[in-house]
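Here's the structure, in structure tokens; my notes come after.
In my numbering, the protein residues as written are -13 to 110.
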């Protein structure tokens, strides 16, 4: 499991890089929501990097917390497309959390890999 955890976190670093253009949207609070989304993922990656691979329950908890935070940002978004994209990502994170708690990071890996395209598109 340790290898898969490291690979997933490497994907998390890509999320952060791809979200670097986040916040380019004009009008409303989109720029702030995009910036806050990037920060949420940064904090998640930092948090899970400190969790031993042998502690999958802590990974699940962190993943559920991120889902809640992203869902909260979706509710704050003035832009409907951004809100919809964030809500979908929160749902995908929630769906991945039980597997993470059992030591299976395959769904989380998929979410982390695909998030830059989904959120990045909504923030452009």
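Note that CB positions come from ideal geometry on N, CA and C, so glycine has one too.
- Separation of residue 34 and residue 44 (C-alpha to C-alpha, rounded to the nearest whole angstrom) is 8 Å.
- Selection 68, 50, 78 evaluated against residue 105 yields 68 as nearest (Cα-Cα).
- Within the same chain, 26, 30, 79 come within 7 Å of residue 52 by CB-CB distance, once the 5 residues on both sides are set aside.
- Beyond the five residues adjoining it in sequence on each side, residue 62 comes within less than 7 Å, by CB distance, of 15, 19 in the same chain, given in chain order.
- Annotation: the continuous alpha helix (DSSP H) that includes residue 69 extends over 66 to 87.
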